[in-house]
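Protein chains in written order, with the numbering used here: chain A, -19 to 235; chain B, 3 to 308. The C-beta atom is built at its ideal place from N, Cα and C for all residues, glycine as well. Some notes on the structure that comes next.
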Amino acid sequence: MNNLLPFIKKELKAYFYSPIAYIVAGVFLGLVGYFFYSSMQGFSMQAVQFSASTSEITGFNPTNVIMKGLFRSMGTVFVLLTPLITMRLIAEEKRARTMELLMTSPLSIMTIIAGKFIAALIIYSIIIMSTIYIPLTIEYFSTVSWTHVFTGYLGLLLIGMAMISVGVLCSAVTDKQVIAAVLTIGILVLFWFIGGGIGGHTENITNIMRELSLFSHFENLYSGLLDTRDIVYLLSFAVVALFLSHRVLESGRWK
Amino acid sequence: MISVNNVTKYFGDRAAVNDVSFTVNKGEILGFLGPNGAGKTTTLRIMTGFFPPSQGTVTIDGQDVFEHPYEIKKKIGYMPEHPPLYYDMSARECLSFVAEIHGLRGSAAGSAIRRVSELCGITHMLDRLTGNLSKGYRQRVGLAHALIHDPAILILDEPTSGLDPMQIIEIRELIKNLGRERTVILSSHILFEVTNVCKRVAIINNGRIVAVDTIEKLSDKFGKGKQIVLTVTRPERMDLKKLSSIDGVIDAVQDNGGRFTVSISGGDNVLERISSEVVSMQAGLIEMKHAAMTLEEIFLKTVSGG
C-alpha cells in the first residue's frame, strides 16, 4: 500500500494530460451555471408573488428553493458524466498493455484499484467543489443555511463515490473504453430511477427497490437530512463495487 | 537461481505450456527459443508473476513466485514484447513512475533515471512523449523500465523485435554487458541473436521444452559425431560409394552441386585418407572444413522432432 501515493499521482497526471477531464468540467459547470441562473430568476419571480400574499409561507428560502434543486441536478448530470471520467481507468491500461507493467511491479491489485478510485474521486470533487461560488453568491445577496449546503455537498461526495466505484468495476471488465462507459451508464441509470420511475408490481417490491436506489438515499442528503442509513448504504455500495472490481482483476489472472 | 518445475498453463482447454521444467543458473544468460506461439511469452509471464500457472511452481532463490510476489517482483526486471509505455507521458515521467512504484523516491529516483537512460542511450530523448518515439527508442525506454531498480534478474521478451540491424547490434551488446553481473533470460525466435549472447539455450515448441543445453553440447548431440564439408569443382567425378567405404567414414552425401557432407568418426588420419581419396578421384578439391552444426539446424531438428 505504500505505493499508493505515486500511483495516485500518475493517475491524476493522466487526467490533466487528456482533454476529457476539462471537457467534463466545462460541460458540467456550464449546465449548473445555467440551472443556477434560471432557478435564481424563478426564485425572484416567486418572491415578488409571495410578497403580495398575506398567508404564512413555509420553506420558502434560497437554500431550500435554489440549492436543493441544484444539488439534485448536479447528481443527475453526473449520472451521465461519471462514465466519462471512469471509462479509461482500467480499460485503457489493458488496451495499452501497461497492465503488464503494473502486474509485474511490486503493486497489489488493491493498490491499483484504490489508486484509480481515489484519483477519479479527486477529479470529481474538484469539479463539484467548483460550484461553491453558488452558495457564496446567494450568501452575498441573502442568507444561506450552511449546514444544509454542507449536507448537500456531503451527499454529492457519497453519491460520487458510489458512481465512480461502478465506473471502476465496468472499466475492469473490458479493454474498450466505450463498452465501459455504456455499461456504467446502464447500471447508474437503473440504480438512479429504480424505486422511483421504475416501480415494482406490489408496494412491497417498490419499497425494496426504493431502498436499493441511489437516488432515494441521495434525496435525503440533498434535502438537508443527515441520516446514517443513507451514508452507510452509499459507502457500502462503493465498497461492494470496488471489491467486485478486485475480484474481476484477480480472476482474470487465473483464466 | 531460478527453477521452473513442471509448469502447465491452460487457457480454456488449450495448454499453452505443458509440463515445462528448466533451471537458470545465477549469472548466466539463457536463450529461450521457440517459433511464434510456442509458449515463450506465457512461460515468461508465469516467471514474472503476471499470472499463476495452472500446475507446477516457479521458484527464485528458493522462494515461490506466488507465495512471495513482492520480494520476487523487486528482484526481477521484466521487459514485455510490447514495451508498456504511457504514450501521453514523457519518457522521464514514465521512468519516474516506475522508479516510484519500486520504492525509489527523490534523489534516488533521479540518479536511477540518469543511470538507466545513459545505459540505454535515451538521455537525449527523456523529455519527448513516448507516443512520439520511434519503435527502437520505445524498446529502449522499455528496457530502461526493466532496469530502473537494478534487478538481479532480467527477463527480456524478444527485446530486439522490430529494430533495425544497427539497433539490434547495440541492444545485443547492451544485453551482453548487463549479463556480466546479472541473470538474464532472453527470449527470441531469431536464432542468430542468441548464439552470440547466450551460452545455454532452452528450446520450446508447442508448449513443451524440447532441449535445454549449451549450444556446443546440443550441436554434438544432434550432429551425431563430426561432420566434414568438402567442396569440389567437378562433382561428377566424386564416387560416394568409394568415399563411404573409407575406414572411419560413416556416411557421405551430396548436399548440392559441389558441396558434400561426410560424417566421420576418428581423428586427423581419417581426414587425411578422405583428402587423398578425393584427390585421386581428380574431383578438384578446393575446400575441406569441419561443420559445426549451426543453431538454426539444431533448432529445426528439435522442432521437427528429428
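Open item on the list: Is it buried or exposed, A/Gly316, if we count other Cβ atoms within 10 angstroms and call 16 or more buried?
Closed with: Because residue 316 of chain A is not part of the residues shown, which for chain A are -19 to 235, the question remains open.
- [ ] Return the CA-CA distance between A/Ser145 and A/Phe130, expressed in angstroms with no decimal places.
- [x] By one-based count along the first sequence, residue 145 of chain A stands at place 165. By one-based count along the first sequence, residue 130 of chain A stands at place 150. Separation of A/Ser145 and A/Phe130 (C-alpha to C-alpha, rounded to the nearest whole angstrom) is 23 Å.
Open item on the list: Does the CB of B/Gly308 have a neighbour CB from chain A at under 8 Å?
Closed with: Position 306 of the second sequence, counted from the first residue, corresponds to residue 308 of chain B. Since pLDDT at B/Gly308 reaches only 47, below the 50 mark, its modelled position is unreliable, and the value read off the structure follows with that caveat. So no, B/Gly308 is outside the interface.
Open item on the list: Helix, strand or coil for A/Thr34? Go by DSSP, reduced to three states.
Closed with: Mapped onto the first sequence, residue 34 of chain A falls at position 54. Note: A/Thr34 maps to coil in three-state DSSP.
Task: B/Gln66 in three-state terms, based on DSSP - done: Here residue 66 of chain B refers to the residue found at position 64 when the second sequence is read from its first residue. The displayed chain sequence assigns Asp, not Gln, to residue 66 of chain B. Strand at B/Asp66.
TODO: Please decide whether B/Ile51 counts as near chain A, where near means a Cβ-Cβ distance under 8 Å.
DONE: Numbered from 1 along the second sequence, position 49 holds the residue referred to as residue 51 of chain B. First, the residue type needs correcting, since residue 51 of chain B is Gly and not Ile in the sequence shown. Interface residue, yes.
Task: Contiguous beta strand (DSSP E) assignments of at least 3 residues, all confined to the region 65 to 143 of chain B - done: If we require 3 residues or more, the beta strand (DSSP E) runs fully inside the region 65 to 143 of chain B come out as 78 to 81.
Open item on the list: Assuming B/His292 is part of the alpha helix (DSSP H), what are its boundary residues?
Closed with: As a first step, residue 292 of chain B is located in the second sequence; it is residue number 290 there, counting from the start. For B/His292, no alpha helix (DSSP H) run applies; the uninterrupted beta strand (DSSP E) run containing it begins and ends at Leu287 to His292, by DSSP.
Open item on the list: Suppose you measure from the CA of B/Lys219 to the CA of B/Val203; what does that come to, to the nearest Å?
Closed with: The sequence position of residue 219 of chain B within the second sequence is 217, counting from 1. The sequence position of residue 203 of chain B within the second sequence is 201, counting from 1. Spanning the two alpha carbons is a distance of roughly 10 Å.
- [ ] Reducing DSSP to helix, strand and coil, say where A/Val57 ends up.
- [x] Position 77 of the first sequence, counted from the start, is the residue given in the question as residue 57 of chain A. Looking at A/Val57 - three-state DSSP - the assignment turns out to be helix.
TODO: Can you have a look at B/Ile276 and say buried or exposed, based on whether 16 or more other CB atoms are within 10 angstroms of its CB?
DONE: Translated into the one-based positions of the second sequence, residue 276 of chain B becomes position 274. Classification of B/Ile276: buried, given that the 10 Å Cβ count is 16 or more.
- [ ] Have a look at A/Ser18 and A/Ile46 and give me their C-alpha separation to the nearest angstrom.
- [x] Here residue 18 of chain A refers to the residue found at position 38 when the first sequence is read from its first residue. Here residue 46 of chain A refers to the residue found at position 66 when the first sequence is read from its first residue. Going by the C-alpha atoms only, they are around 9 Å apart.
Task: When A/Leu229, A/Phe(-13) and A/Ala27 are compared against A/Cys150, the one with the closest alpha-carbon - done: For this step, residue 150 of chain A is matched to residue 170 along the first sequence. Comparing C-alpha distances from A/Cys150 to each of A/Leu229, A/Phe(-13) and A/Ala27 shows the shortest one belongs to A/Leu229.
Open item on the list: Can you list, in chain order, the residues of its chain with a C-beta nearer than 6 Å to that of A/Phe217? Leave out the 5 residues immediately preceding and following it.
Closed with: Position 237 of the first sequence, counted from the start, is the residue given in the question as residue 217 of chain A. So the list reads Ala142, once near-sequence residues are dropped.
Task: B/Ala204 - partner residues in DSSP beta bridges - done: Position 202 of the second sequence, counted from the first residue, corresponds to residue 204 of chain B. Paired residues: B/Phe34 and B/Val214.
Open item on the list: Run through the DSSP bridge pairs and tell me what B/Leu158 is partnered with.
Closed with: Walking along the second sequence from the start, residue 158 of chain B turns up at place 156. Looking at the DSSP assignment, B/Leu158 forms a beta bridge with B/Met81 and B/Leu188.
Open item on the list: List, in chain order, every chain B residue whose beta-carbon is nearer than 7 Å to that of A/Phe(-13).
Closed with: The residue labelled residue -13 of chain A in the question sits at position 7 within the first sequence. Under the 7 Å cutoff, chain B gives Ile103.
Task: Proximal residues of chain A, C-beta to C-beta of B/Phe68 below 7 Å - done: Mapped onto the second sequence, residue 68 of chain B falls at position 66. What B/Phe68 touches in chain A: nothing, since even the nearest Cβ is about 10 Å away.
Task: B/Gly58 beta carbon less than 8 Å from that of B/Lys75 - done: Within the second sequence, numbered from 1, the residue matching residue 75 of chain B stands at position 73. Within the second sequence, numbered from 1, the residue matching residue 58 of chain B stands at position 56. Result no, Cβ atoms of B/Lys75 and B/Gly58 do not sit closer than 8 Å.
Task: CA-to-CA distance, B/Leu158 to B/Gly138, given in whole angstroms - done: Residue numbering aside, residue 138 of chain B sits at position 136 when the second sequence is read from its first letter. Residue numbering aside, residue 158 of chain B sits at position 156 when the second sequence is read from its first letter. Their backbone Cα atoms lie some 15 Å apart in a straight line.
Task: B/Ala40 - containing beta strand (DSSP E), residue span - done: Here residue 40 of chain B is taken as the residue at index 38 of the second sequence, counted from 1. Annotation: B/Ala40 is outside any beta strand (DSSP E) and is labelled neither H nor E by DSSP.
Open item on the list: Tell me which residues of the region 129 to 148 of chain A have at least one Cβ-Cβ distance to chain B shorter than 9 Å, keeping chain order.
Closed with: Look at the region 129 to 148 of chain A: it has no residue with a C-beta under 9 Å from a C-beta of chain B.
Open item on the list: If the criterion is Cβ atoms closer than 8 Å, does the pair B/Cys122 and B/Leu145 meet it?
Closed with: Your numbering for residue 122 of chain B matches position 120 in the second sequence. Your numbering for residue 145 of chain B matches position 143 in the second sequence. The Cβ-Cβ distance between B/Cys122 and B/Leu145 falls below 8 Å.
- [ ] Please specify which runs of the alpha helix (DSSP H), each continuous and at least 4 residues long, are wholly inside the region 154 to 232 of chain A, giving them in chain order.
- [x] Listed in chain order, the complete alpha helix (DSSP H) runs (minimum 4 residues) inside the region 154 to 232 of chain A are 157 to 173, 183 to 192 and 194 to 202.
Task: Straight-line Cα distance separating A/Ala94 from A/Pro(-14) - done: Here the question's residue -14 of chain A lines up with position 6 in the first sequence. Here the question's residue 94 of chain A lines up with position 114 in the first sequence. Taking C-alpha positions only, A/Pro(-14) is separated from A/Ala94 by approximately 12 Å.
TODO: Can you pull the chain A residues whose beta carbon is under 7 Å from the beta carbon of B/Lys76, in chain order?
DONE: One-based indexing of the second sequence puts residue 76 of chain B at position 74. In chain order, Pro86 make up the part of chain A whose C-beta sits under 7 Å from the C-beta of B/Lys76.
Open item on the list: For the structure I just gave you, are there three or more beta carbon pairs, one from the region -5 to 4 of chain A and one from the region 64 to 81 of chain A, closer than 8 Å?
Closed with: The region -5 to 4 of chain A vs the region 64 to 81 of chain A: in contact.
Task: Sequence-distant residues of the same chain with beta carbon closer than 7 Å to A/Ile89, five excluded per side - done: Here residue 89 of chain A is taken as the residue at index 109 of the first sequence, counted from 1. Apart from the 5 residues on each side of it in sequence, A/Ile89 sits with its Cβ closer than 7 Å to the Cβ of His226, Leu229 and Glu230 in its chain, given in chain order.
- [ ] Step through the CB atoms of chain A and report whether any lies within less than 8 Å of the CB of B/Phe99.
- [x] Walking along the second sequence from the start, residue 99 of chain B turns up at place 97. Yes, contact with chain A.
TODO: Output, in chain order, the set of chain A residues within a Cβ distance shorter than 9 Å of B/Tyr139.
DONE: By 1-based counting over the second sequence, the position of residue 139 of chain B is 137. Here the premise fails: no neighbours, minimum Cβ distance about 17 Å.
Open item on the list: Let me confirm a value: B/His292 is counted as buried when at least 16 other C-beta atoms fall within 10 Å, else exposed. Which label applies?
Closed with: Translated into the one-based positions of the second sequence, residue 292 of chain B becomes position 290. With fewer than 16 other Cβ atoms inside 10 Å of its own Cβ, B/His292 counts as exposed.
Open item on the list: I'd like to check one pair, B/Pro82 with B/Val143: are the Cβ atoms closer than 8 Å?
Closed with: Taking the first residue of the second sequence as 1, we reach residue 143 of chain B at position 141. Taking the first residue of the second sequence as 1, we reach residue 82 of chain B at position 80. With contacts defined by Cβ atoms closer than 8 Å, B/Val143 and B/Pro82 do not form a contacting pair.
Task: B/Thr10 in three-state terms, based on DSSP - done: Within the second sequence, the letter at position 8 stands for residue 10 of chain B. Three-state DSSP puts B/Thr10 in a strand.
TODO: Quick one: using the 10 Å Cβ neighbour count with 16 as the cut-off for buried, is B/His151 buried or exposed?
DONE: Reading the second sequence from its first residue, position 149 is the one you call residue 151 of chain B. Per the 10 Å Cβ criterion, buried.
Task: DSSP state of B/Asn1 mapped onto helix, strand, coil - done: In the structure as shown, chain B begins at 3 and stops at 308. Residue 1 of chain B is therefore absent and cannot be evaluated.
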